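In terms of the UniProt record's numbering, the sequence shown opens at residue 1 and continues consecutively. Even for Gly, the Cβ is constructed at its ideal location relative to N, Cα and C. Only a predicted model underlies this, so the values are computations on that prediction, with no experimental measurement involved.
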Amino acid sequence: MANPGGVRGFGATVVGWLIVAVIVYFFFGFLIGTIRWVFRFIVVVVLIGALLTVWFKLRGDD
Numbered sequence: 001m002a003n004p005g006g007v008r009g010f011g012a013t014v015v016g017w018l019i020v021a022v023i024v025y026f027f028f029g030f031l032i033g034t035i036r037w038v039f040r041f042i043v044v045v046v047l048i049g050a051l052l053t054v055w056f057k058l059r060g061d062d
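Encoded structure:
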């Protein structure tokens with residue numbers, strides 16, 4: 001028969017880490033959101049720059 005204390009201890013550890021993860025997510029959500037926003041901004045700027053470069057190269061061959 002398994003030791004119920006060991007299983008309960010493992011379960012308590014998992015639940016404790018989930019609680020910590022939820023608290024960190026909610027309290028530092030603004031930080032995660034800011035990082036995502038900056039990443040999206042950089043991707044959009046690079047994409048627009050690449051499209052403009054291609055457009056000028058194609059337009060210049062007239």
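Locate the alpha helix (DSSP H) running through residue i, then write down its first and last residues.
i: F39; result: 29-60
Tell me the rounded alpha-carbon separation between residue i and residue j.
i: residue 69; j: V14; result: Because the chain is modelled from 1 through 62, residue 69 falls outside the range shown and cannot be assessed.
i: T53; j: F27; result: 41 Å
i: R59; j: V38; result: 31 Å
i: G9; j: V20; result: 16 Å
i: V22; j: R36; result: 18 Å
i: G16; j: G29; result: 19 Å
i: V7; j: L18; result: 17 Å
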